[in-house]
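Residue numbers (this note's numbering): 628 to 793.
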């Protein structure tokens with residue numbers, strides 16, 4: 628294989644990994660969004676609506692009200708494109724040998740960031756304790772983020788195993 632063929636193969640591999648990370652992010656975001664939708668309609672914690680908090684935070688950030696559909700769309704793009712790409716780029720560096728372990732690690736980190744940074748920013752307190760619901764919001768958020776990250780990790784691993792020339 629000459630240098631040009633090697634570069635072409637390397638570029639193709641990089642583009643395949645990026646495609647796989649976006650597909651995996653889309654799958655993880657779809658699972659997370661479905662859980663959020665079910666929770667929003669029938670959830671055990673009607674006072675805890677993280678998607679509404681995100682909408683409120685975005686409205687505050689841009690200085691005007693945004694529609695719930697725009698907030699959902701931005702959440703979808705964020706989870707599928709941005710975090711899917713970040714996940715794909717960091718996958719080989721995540722601790723754990725299995726995609727389950729990597730997904731759990733990524734999800735727990737996202738959960739900590741949401742609980743320690745995002746919720747205080749939208750005046751819900753650390754892990755939304757200001758809602759007065761105890762640890763229930765933190766547990767619900769953890770379950771939803773683990774569903775997202777483990778799904779994303781499993782799909783990413785599966786797509787890469789199908790894509791790798793062996």
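Ideal placement from N, C-alpha and C gives every residue a C-beta, glycine not left out.
Inter-residue CB distance, residue i and residue j (contact presumed, cutoff 8 Å)
i           : j           : result
residue 707 : residue 682 : With a Cβ gap of about 18 Å, residue 707 and residue 682 do not count as contacting.
residue 733 : residue 714 : 6 Å
residue 730 : residue 776 : 5 Å
residue 773 : residue 712 : Wrong, their Cβ atoms sit about 20 Å apart, outside the cutoff.
residue 779 : residue 652 : 6 Å
residue 674 : residue 769 : No, residue 674 and residue 769 are not in contact; Cβ-Cβ is about 17 Å, not under 8 Å.
Three-way DSSP call (helix, strand, coil) for residue i in this model
i           : result
residue 724 : coil
residue 714 : helix
residue 676 : coil
residue 760 : coil
residue 793 : Note that residue 793 scores a pLDDT of 49, beneath 50, so its modelled location is shaky; the value from the coordinates is reported in the next line. Residue 793 falls in the coil class under three-state DSSP.
residue 643 : helix
residue 691 : coil
Residue i - containing alpha helix (DSSP H), residue span
i           : result
residue 754 : Unbroken run through residue 754: none, as it is neither H nor E.
residue 707 : Note, residue 707: premise wrong, no alpha helix (DSSP H); not H, not E.
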